[in-house]
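Colleague: Residue numbers (our numbering): 16 to 87.
#1: Just list the beta strand (DSSP E) runs in the stretch 31-84, keeping only unbroken ones of 3 residues or longer that don't cross its boundaries, in chain order.
#2: Tell me where the beta strand (DSSP E) around residue 29 begins and ends.
#3: Do you know how far the Cα of residue 78 is from the Cα of residue 30?
#4: Thinking just about the alpha-carbon of each residue, which of 37, 32, 17 is nearest to the one in residue 56?
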């Protein structure tokens, strides 16, 4: 099973931006997610279509299970 962290932001004009971090650790706290989102905004490495990211909107952990069938 893999876990991805989806982080939602809005830019200076309110346009939504979603970043996906793949393969986060199994146990991640709300504080760690909050710190990561602040780091993304403060780094100014990412932007929306209207420029700088200004607000945190949401965070979601997505878990994916994969079943591989070898003998098909």
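C-beta atoms are modelled at their ideal positions from N, C-alpha and C, and glycine is treated no differently. Source: prediction; values computed, not measured.
Modeller: Based on what the coordinates show:
#1: 31-36, 66-79
#2: No beta strand (DSSP E) holds residue 29; DSSP gives it neither H nor E.
#3: 26 Å
#4: 32
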